[in-house]
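Trainee: So the protein sequences, as listed, match chains A and B.
Mapping of the first sequence onto the numbering used here: position 210 corresponds to residue 210, and the numbering continues sequentially without gaps.
Mapping of the second sequence onto the numbering used here: position 20 corresponds to residue 1020, and the numbering continues sequentially without gaps.
Note that beta-carbon positions come from the ideal geometry of N, C-alpha and C, so glycine has one too.
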Amino acid sequence: MKGSKPQLIAEGKRIDGRGPADLRQIRMEVGVLKNADGSAIVEIGNTKVLAAVYGPREVVPRHEEQVDRAIIRCRYRMLSFSTMGERKSPAPSRREIELSKVIREALEPAIISSQFPRTAIDIFVEVLNADGGTRTAGITAASLALADAGIPMIDLVAAVAVGKVDGVIVLDLNEIEDMYGEADMPVAAMPSMGKITMIQLNGVLTPEEFRYALRLALDGINKIYSLQKETLKKKFVEVEE
Amino acid sequence: MSSTPETSIIPKIKMNAILNVLAKGYHIDKRPLLSYRQIDVIKNISPNADSSVLVKLGYTQVLAGVKIEVGQPFPDNPEEGVLIVNAEYIPAASPTFEPGPPDENAIELARVIDRSIRESKAVALDKLVLVPGRKVWVVWLDIYILDHDGNLIDASMIASIIALAKARIPYYEIDQVTGNVKIDRSKSAGLLPLNKLVSSVTIYKIGDVLVVDPTAEEEAIASASLTIAISEDGNIVGMQKRGLGTFTEKEIEQALEISLSRGKEIIETIKKFLS
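1) Taking the alpha-carbon positions, what's the Pro1091/B to Asn1151/B distance?
2) Could one say the Cβ of Gly1207/B lies closer than 8 angstroms to chain A's Cβ atoms, at least one of them?
3) Looking only at its chain, what residues have a beta carbon closer than 8 angstroms to the beta carbon of Pro1214/B, apart from the 5 residues adjacent to it on each side?
4) Anything in the region 148-164 of chain A with a Cβ closer than 7 angstroms to a Cβ of chain B? List those residues in chain order, please.
5) If I'm right that Tyr76/A touches Glu96/A with Cβ under 8 angstroms, what's the distance once you round it to whole angstroms?
6) Rounded to whole angstroms, what is the Cα-Cα separation between Lys5/A and Met179/A?
7) For the region 1194-1272 of chain B, which segments carrying the beta strand (DSSP E) assignment without a break, of at least 3 residues, lie completely within its bounds, in sequence order?
8) DSSP has Ser1188/B in a bridge; who is on the other side?
9) Give the residues of chain B in contact with Ile72/A, contact being defined as C-beta atoms less than 8 angstroms apart.
10) Check the Cβ-Cβ distances between Met1239/B and every residue of chain A, and say whether any is below 8 angstroms.
11) Would you grab the beta carbon distance between Asp148/A and Gly31/A for me? Rounded to a whole angstrom, and I think it's under 8 angstroms.
12) Does chain B have any CB closer than 8 angstroms to the CB of Met78/A?
13) From Ile71/A to Ser1003/B, what distance separates their C-alpha atoms?
14) Under 8 angstroms, CB to CB, which of the residues in the region 1231-1256 of chain B have a partner in chain A?
15) List the residues of chain B that Pro109/A touches, going by C-beta distances under 7 angstroms, in chain order.
16) Going straight from the alpha carbon of Lys229/A to that of Phe81/A, what length do you get?
17) Touch check for the region 198-210 of chain A and the region 1221-1238 of chain B: three-plus C-beta pairs under 8 angstroms?
18) If we count the other Cβ atoms within 10 Å of its Cβ and call it buried at 16 or more, is Asn1044/B buried or exposed?
19) Using a C-beta cutoff of 8 angstroms, does Arg1115/B count as contacting chain A?
20) Inspect the beta-carbon positions of Val160/A and Arg14/A and report whether they are closer than 8 angstroms.
21) At least one CB of chain B closer than 8 angstroms to the CB of Val60/A: is that the case?
22) Can a CB atom of chain B be found closer than 8 angstroms to the CB of Thr231/A?
23) Provide the residue(s) that pair with Asp184/A in DSSP beta bridges, ordered along the chain.
24) How would you list, in chain order, the residues of chain A whose beta-carbon sits under 7 angstroms from the beta-carbon of Arg1111/B?
25) Does the region 1046-1059 of chain B come within contact of the region 1106-1115 of chain B, defined as at least 3 CB pairs closer than 8 angstroms?
26) Cβ atoms of Thr1248/B and Gly194/A: under 8 angstroms apart, would you say?
27) Whole-angstrom Cβ separation of Thr119/A and Thr47/A, contact assumed at under 8 angstroms?
28) Do you know how far the Cα of Ile111/A is from the Cα of Tyr1030/B?
29) Beta carbon of Ala145/A: closer than 7 angstroms to some heavy atom of the ligand COA?
30) Sorted by chain position, which residues of the same chain lie with C-beta nearer than 8 angstroms to Ala130/A's C-beta, five sequence neighbours on each side aside?
31) With burial defined as no fewer than 16 other Cβ atoms inside 10 Å of the residue's Cβ, what is the status of Phe210/A: buried or exposed?
32) I'd like the span of the beta strand (DSSP E) that includes Ile1039/B, first residue to last.
33) Closer than 7 angstroms by C-beta to Val1123/B: which residues in its own chain qualify, once you throw out the five before and the five after it? Chain order, please.
34) Out of Met1015/B, Ile1169/B, Val1062/B, point me to the one whose CA is closest to Lys1187/B's CA.
Put into structure tokens, the structure is as follows:
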């Protein structure tokens, strides 16, 4: 095993003192970058992710443009010093290549891309500090950044991971729980539409555990969704005054 | 950077025709929506490999091969052997595949298969230690897509698990003084130890219908897919949604039911090819 596995659940409490269905403390902010058309920071526990959106803009190289829609491009990266333990090589890893695709596919269903043919919408997700749930925080942040950029969407996308640690289904895993737990299942959804835009499972669940875990994830997503809306409203109220 | 893929034009034109056939409850090759094409398995295609398996799923062809070598364990897992999964979409397999290093689709396919095999503990990696903390068996599982007619993940998973189950560990001798390991591939030290079999069932959403095992033409107009990996003991051991579309909670429940029943059948088919 990877070192000695710590006890993850004691007397119904998790390693950071949360109950199984509790989210970590969340902070969201939009408009954090001057140059980007839209930007957002999402912090959930010690995980901190920055998202920036450019576009709709001209497609370079030109041959990549599509005549009936905007293309969505996405890059997910972890800063070299953002991970626990050793420095991460800045070269793109296979994990980052996969997650760039997964995050793009989680966001694309929400974007009304047909309004901007022959353009590109670029999404950059940078993990500033990683403590579990970076792809889900990235999706939550990128969705805010898209809204901040004024890109028309049918709904916001909110995301959170559920998992199984020491036999208990828990919401919003941190790094230790992800590393030593039995399963990690990130989920993203458009809550008002009732549509799931991303689901992955890394680990083992029985069908019953899976059904419960998905419910728990969707409940968590609803809470994050309310926070997203509050954050966006706050920005525009500030502009009004 | 990951970019929205180009949709090929032919399936777009044929889209309504395909949707009409699907609405009647059949694939365009006249199968029921939730049935697989015929699965053919040809073993030992590449005799130099420690195992190689060609799987034909309809016209889709996937070749999976295994090489077992002596190597070092991962520092964070010194008491286990190493499994490394790679996949390549070779340019011969489709006019849309280009030469070059594996793209995001190939990487995703390899990683989905890697996770399902790893998390289910299908390969008994704890039995692959030669000199504890220093020398272990490294199992290289390489997947090549030879011909693309849809449903590449499920075909790759079948090829992978059969290739692993048939893989022979080379004959070896450990020098007790230096700890060096000498191997002789002309002889075998037995089969790679497996704990269980795993299969995957990918459910595609085309229009409003859920289908399994689409042809390439059908797959091209699917809005999204959900791969669910099922282990022999009936657990869910991996999952991956792909594509630009979405699933409702109800559709995921349906997909789960489909994957549990079809997954079991595929495992029975795999067992038949192994015996």
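Mentor: A quick look at the data gives this:
1) Walking along the second sequence from the start, residue 1091/B turns up at place 91. Walking along the second sequence from the start, residue 1151/B turns up at place 151. Cα to Cα, Pro1091/B sits roughly 17 angstroms from Asn1151/B.
2) On the second sequence, residue 1207/B is found 207 positions in, with the first residue counted as 1. So, not an interface residue.
3) Indexing the second sequence from 1 puts residue 1214/B at position 214. Within the same chain, Pro1214/B has close Cβ partners His1027, Gly1150, Asn1151, Tyr1204, Ile1206, Ala1222.
4) none
5) Within the first sequence, numbered from 1, the residue matching residue 76/A stands at position 76. Within the first sequence, numbered from 1, the residue matching residue 96/A stands at position 96. With a Cβ gap of about 6 angstroms, Tyr76/A and Glu96/A count as contacting.
6) Taking the first sequence and counting its residues from 1, one reaches residue 5/A at position 5. Taking the first sequence and counting its residues from 1, one reaches residue 179/A at position 179. For Lys5/A and Met179/A, the gap between their C-alpha atoms comes out near 9 angstroms.
7) Given a length threshold of 3 residues, each whole run of the beta strand (DSSP E) inside the region 1194-1272 of chain B is given here in chain order: 1198-1206, 1209-1212, 1224-1231, 1236-1242.
8) The sequence position of residue 1188/B within the second sequence is 188, counting from 1. Beta-bridge pairing links Ser1188/B to Pro1170/B.
9) Looking up residue 72/A in the first sequence gives position 72. Ordered by position in chain B, the residues that pass the 8 angstroms Cβ test against Ile72/A are Ser1003, Thr1004.
10) Translated into positions along the second sequence, residue 1239/B becomes position 239. Yes, its Cβ sits closer than 8 angstroms to a Cβ of chain A.
11) By 1-based counting over the first sequence, the position of residue 148/A is 148. By 1-based counting over the first sequence, the position of residue 31/A is 31. The Cβ separation is near 6 angstroms, so the contact holds.
12) If you number the first sequence from 1, residue 78/A lands on position 78. Met78/A does not count as touching chain B.
13) Residue numbering aside, residue 71/A sits at position 71 when the first sequence is read from its first letter. Residue numbering aside, residue 1003/B sits at position 3 when the second sequence is read from its first letter. Computed Cα separation, rounded: 7 angstroms.
14) Ser1231, Gly1234, Asn1235, Ile1236, Val1237, Gly1238, Met1239, Gln1240, Lys1241, Arg1242, Gly1243, Leu1244, Gly1245, Thr1246, Phe1247, Thr1248, Glu1249, Ile1252, Glu1253, Leu1256
15) As a first step, residue 109/A must be located in the first sequence, where it is residue number 109. The answer, in chain order, is Leu1244, Gly1245, Thr1246.
16) For the purposes of this step, residue 229/A is taken as residue 229 along the first sequence, with counting starting at 1. For the purposes of this step, residue 81/A is taken as residue 81 along the first sequence, with counting starting at 1. Cα to Cα, Lys229/A sits roughly 31 angstroms from Phe81/A.
17) yes
18) Locating residue 1044/B in the second sequence gives position 44, counting from the first residue. With fewer than 16 Cβ atoms within 10 Å of its Cβ, Asn1044/B is classed as exposed.
19) Numbered from its first residue, the second sequence carries residue 1115/B at position 115. Interface residue, yes.
20) Locating residue 160/A in the first sequence gives position 160, counting from the first residue. Locating residue 14/A in the first sequence gives position 14, counting from the first residue. Not closer than 8 angstroms, so no.
21) Within the first sequence, the letter at position 60 stands for residue 60/A. No, no contact with chain B.
22) Counted from its first residue, the first sequence places residue 231/A at position 231. Cβ-Cβ to chain B under 8 angstroms: no for Thr231/A.
23) The sequence position of residue 184/A within the first sequence is 184, counting from 1. Beta-bridge analysis with DSSP links Asp184/A to Gly163/A, Asn202/A.
24) For this step, residue 1111/B is matched to residue 111 along the second sequence. Going along chain A in sequence order, the residues near Arg1111/B (Cβ under 7 angstroms) are Arg94, Glu98.
25) no
26) In the first sequence, counting from the first residue as 1, residue 194/A sits at position 194. In the second sequence, counting from the first residue as 1, residue 1248/B sits at position 248. Going by C-beta atoms, Gly194/A is nearer than 8 angstroms to Thr1248/B.
27) On the first sequence, position 119 is the one that residue 119/A refers to. On the first sequence, position 47 is the one that residue 47/A refers to. About 31 angstroms separates the two Cβ atoms, so there is no contact after all.
28) The residue labelled residue 1030/B in the question sits at position 30 within the second sequence. The residue labelled residue 111/A in the question sits at position 111 within the first sequence. Here the sequence assigns Lys to residue 1030/B, which means Tyr is not the residue at that position. Spanning the two alpha carbons is a distance of roughly 36 angstroms.
29) No copy of the ligand COA occurs in the structure displayed, which carries no ligand at all.
30) For the purposes of this step, residue 130/A is taken as residue 130 along the first sequence, with counting starting at 1. Within the same chain, Ala130/A has close Cβ partners Thr47, Met78, Ser82, Thr83, Met84, Glu175.
31) Here residue 210/A corresponds to residue number 210 of the first sequence, with the count starting at 1. Counting of Cβ neighbours within 10 angstroms places Phe210/A among the buried residues, the total reaching 16 or more.
32) Taking the second sequence and counting its residues from 1, the one referred to as residue 1039/B is at position 39. The continuous beta strand (DSSP E) containing Ile1039/B extends over residues 1039-1043.
33) In the second sequence, the residue the question calls residue 1123/B occupies position 123. So the qualifying residues of the chain are Leu1083, Ile1117, Val1139, Leu1164, Leu1192, Leu1194.
34) As a position in the second sequence, residue 1187/B is number 187, starting the count at 1. Closest by alpha carbon: Ile1169/B.
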